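To start, the structure under review is shown below, and the notes come after it.
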Amino acid sequence: MEEEQGKCIKCKERIEEDETIHNCDSCLRQIHTQCAKLSPSEERCMPLKKRISLYICIECKALIARMPFIMKTLDEIKLDINQIKQNQINNGGQRKTYADALELKPTANTEQTIIIKAKNKKNANNTRKLIEEKLNPSALEIGIKKVRSTKEGDVIIKCPTKLEGEKLKTAMINELADTCTIEKIKKRPTRIKITGVDKKENKNHQEVERNLRKQNTWINEEDELTVTFIKHMKKNDNLTIYVECSAGLYHKAISQKKVYAGWQQQH
Ligand SMILES: [Zn+2]
Ligand SMILES: [Zn+2]
48 MEEEQGKCIK CKERIEEDET IHNCDSCLRQ IHTQCAKLSP SEERCMPLKK RISLYICIEC
108 KALIARMPFI MKTLDEIKLD INQIKQNQIN NGGQRKTYAD ALELKPTANT EQTIIIKAKN
168 KKNANNTRKL IEEKLNPSAL EIGIKKVRST KEGDVIIKCP TKLEGEKLKT AMINELADTC
228 TIEKIKKRPT RIKITGVDKK ENKNHQEVER NLRKQNTWIN EEDELTVTFI KHMKKNDNLT
288 IYVECSAGLY HKAISQKKVY AGWQQQH
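One rule links them: number in the numbering used here = place in the sequence shown (from 1) + 47.
Dropping the structure here:
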């Protein structure tokens, strides 16, 4: 960047004192007036303080065009970071402070899982064969994330989106309803596990919820959360609390690193 200073964005030549220039309204770098190739009316607008038309250099334009892609990449990076954080939390044995840890079961909000139970089931392989004979997911344009068999002889298929899951279920019912039952699996709500919670101030579910809301500003009033289970830990005389919440709140919780629930200040 240092080298670019004093040079025209377009022709890369040094800008001399007697040359007229404009600045890109986005990156503020300089460009020769003749290099900007503005129309005469645009030219007249440029010196105005309150003008509607902006001059955006070619590099900024290219960047703006890539914005949707950049945002998508950013979202992916965020997910990766959350995953890494979660792994650290799960692997790290050093959570010693109060309410220091979250153990979470992330559930991608969009996935849909279908369970296929053969009516006269013997083993899942037969059911799988039957499915393969009757259905071709790629022809139906259904993505399959995972196929799994259970000991009970059921086949479980995970689709990346609800829509694809729905499509698969309909196709299955059309083809296999006489031999199989086909059901959607309802996903359990996202669950947060909070460890190392002080037990004196968290005697029951209501008190835990009240403390969570009072002590964690990132939980909004309208956020739904349900304390489902309070476990007394014999080892350190603390509580471990399980809270069900939306995926959104779950992600907020992850980014906090700490959740407070009647904790004692540590210095
Ligand atoms: Zn130039
Ligand atoms: Zn620019």
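Every residue, glycine too, gets a C-beta built ideally from N, C-alpha and C.
Source: prediction; values computed, not measured.
Checklist entry - What did DSSP end up calling residue 289 once you bin it into helix, strand or coil? => result Taking the first residue of the sequence shown as 1, we reach residue 289 at position 242. Correct three-state label for residue 289: strand.
Next on the checklist: Extract the residue ranges of the alpha helix (DSSP H) inside the segment 194 to 234, only unbroken runs of 4 or more that lie entirely within it.
Outcome noted: 209 to 223
Checklist entry - Among residues of its own chain, excluding the 5 on either side of residue 83, which ones have a beta-carbon nearer than 6 Å to its beta-carbon? => result Along the sequence shown, read from residue 1 onward, the residue named residue 83 stands at position 36. Excluding sequence neighbours, residue 83 sits near 69.
Checklist entry - Regarding residue 68 and ligand 2, is the C-beta to nearest heavy atom distance less than 7 Å? => result Counting from one through the sequence shown, the residue named residue 68 turns up at place 21. Residue 68 Cβ: outside cutoff for every heavy atom of ligand 2.
Checklist entry - Is residue 117 near ligand 2, going by C-beta to nearest heavy atom under 7 Å? => result Within the sequence shown, numbered from 1, the residue matching residue 117 stands at position 70. Outside the cutoff, so no.
Checklist entry - Helix, strand or coil: how does DSSP classify residue 274 here? => result Taking the sequence shown and counting its residues from 1, one reaches residue 274 at position 227. Residue 274: strand per DSSP, three-state reduction.
Checklist entry - To the nearest whole angstrom, what separates the beta carbons of residue 182 and residue 222, a pair I think is in contact under 8 Å? => result On the sequence shown, position 135 is the one that residue 182 refers to. On the sequence shown, position 175 is the one that residue 222 refers to. Indeed, because the Cβ distance is near 6 Å, the residues count as touching under 8 Å.
Checklist entry - What's the gap between the Cα of residue 160 and the Cα of residue 217? => result Against the sequence shown, residue 160 aligns to sequence position 113. Against the sequence shown, residue 217 aligns to sequence position 170. Whole-angstrom Cα-Cα distance: 13 Å.
Item to check | residue 106 Cβ short of 7 Å to ligand 2 heavy atom set | outcome: For this step, residue 106 is matched to residue 59 along the sequence shown. Within the cutoff, so yes.
Checklist entry - Helix or strand or just coil, what does DSSP make of residue 242? => result Counted from its first residue, the sequence shown places residue 242 at position 195. Of the three classes helix, strand and coil, the one that applies to residue 242 here is strand, per DSSP.
Checklist entry - Looking only at its own chain, which residues have a Cβ that is under 7 Å from the Cβ of residue 55, when we skip the five neighbours before and after it? => result Position 8 of the sequence shown holds residue 55. These residues qualify, in order along the chain: 62, 77, 78, 79, 82.
Next on the checklist: Residues around ligand 1, please: the condition is that the C-beta lies closer than 5 Å to some non-hydrogen atom of it.
Outcome noted: Those residues are 55, 57, 58, 79, 82, given in chain order.
Checklist entry - Span of the alpha helix (DSSP H) holding residue 159? => result Position 112 of the sequence shown, counting from 1, holds the residue named residue 159. Boundaries around residue 159 are those of the beta strand (DSSP E), 159 to 165, since no alpha helix (DSSP H) includes it.
Next on the checklist: Does the distance between the C-beta of residue 103 and the nearest non-hydrogen atom of ligand 4 fall short of 7 Å?
Outcome noted: This structure lacks ligand 4; its bound ligands are ligand 1 and ligand 2.
Checklist entry - So, using beta-carbon positions, are residue 279 and residue 246 closer together than 8 Å? => result Position 232 of the sequence shown, counting from 1, holds the residue named residue 279. Position 199 of the sequence shown, counting from 1, holds the residue named residue 246. Contact flag set, yes.
Next on the checklist: Tell me which residues share the same chain as residue 190 and place their Cβ nearer than 8 Å to its Cβ, disregarding the 5 neighbours each side in the sequence.
Outcome noted: Taking the sequence shown and counting its residues from 1, one reaches residue 190 at position 143. Here the set comprises 184, 206, 207, 208, 211.
Next on the checklist: residue 219 and residue 163 - do their beta-carbons sit closer together than 8 Å?
Outcome noted: Here residue 163 is taken as the residue at index 116 of the sequence shown, counted from 1. Here residue 219 is taken as the residue at index 172 of the sequence shown, counted from 1. A contact, by the Cβ cut-off of 8 Å.
Item to check | Cβ pair residue 236, residue 291 closer than 8 Å | outcome: Looking up residue 236 in the sequence shown gives position 189. Looking up residue 291 in the sequence shown gives position 244. A contact, by the Cβ cut-off of 8 Å.
Checklist entry - Under 8 Å, do residue 72 and residue 101 count as touching if we go by C-beta distance? => result As a first step, residue 72 must be located in the sequence shown, where it is residue number 25. As a first step, residue 101 must be located in the sequence shown, where it is residue number 54. Yes, the pair counts as a contact, with Cβ atoms nearer than the cut-off.
Next on the checklist: Check this for me: beta carbons of residue 129 and residue 298, under 8 Å apart or not?
Outcome noted: Position 82 of the sequence shown holds residue 129. Position 251 of the sequence shown holds residue 298. The answer is yes: Cβ separation under 8 Å.
Checklist entry - Which of helix, strand or coil does DSSP assign to residue 67? => result Indexing the sequence shown from 1 puts residue 67 at position 20. Residue 67: coil per DSSP, three-state reduction.
Checklist entry - So residue 77 is in the alpha helix (DSSP H); what residue range does that whole segment cover? => result Your numbering for residue 77 matches position 30 in the sequence shown. Per DSSP, residue 77 belongs to no alpha helix (DSSP H); it is in the beta strand (DSSP E), 77 to 79.
Checklist entry - Where residue 146 and residue 215 are concerned, what is the direct C-alpha to C-alpha distance, given to the nearest angstrom? => result Sequence index remark: in the sequence shown, residue 146 carries index 99 (1-based). Sequence index remark: in the sequence shown, residue 215 carries index 168 (1-based). In this predicted model, residue 146 has a pLDDT of only 47, less than 50, meaning its place in the structure is not dependable enough to derive any value.
Item to check | Nearest neighbour of residue 266, chosen from 227, 281, 196, 307 [CA to CA] | outcome: Counting from one through the sequence shown, the residue named residue 266 turns up at place 219. It is 307.
Next on the checklist: At a cut-off of 7 Å, would you count residue 73 as near ligand 2, judging by its Cβ distance to the nearest heavy atom?
Outcome noted: To locate residue 73, count along the sequence shown from 1; it is residue 26. Indeed, a heavy atom of ligand 2 lies less than 7 Å from the Cβ.
Next on the checklist: Taking the alpha helix (DSSP H) that residue 110 belongs to, which residues open and close that run?
Outcome noted: As a working note, residue 110 is residue 63 in the sequence shown. Segment 105 to 112, the alpha helix (DSSP H) holding residue 110.
Item to check | residue 113 beta carbon near ligand 2 (any heavy atom closer than 7 Å) | outcome: As a first step, residue 113 is located in the sequence shown; it is residue number 66 there, counting from the start. Outside the cutoff, so no.
Next on the checklist: How far does the alpha helix (DSSP H) with residue 181 in it extend, from its first residue to its last?
Outcome noted: The residue you call residue 181 lines up with position 134 of the sequence shown. Where residue 181 is concerned, the enclosing alpha helix (DSSP H) stretches over 171 to 181.
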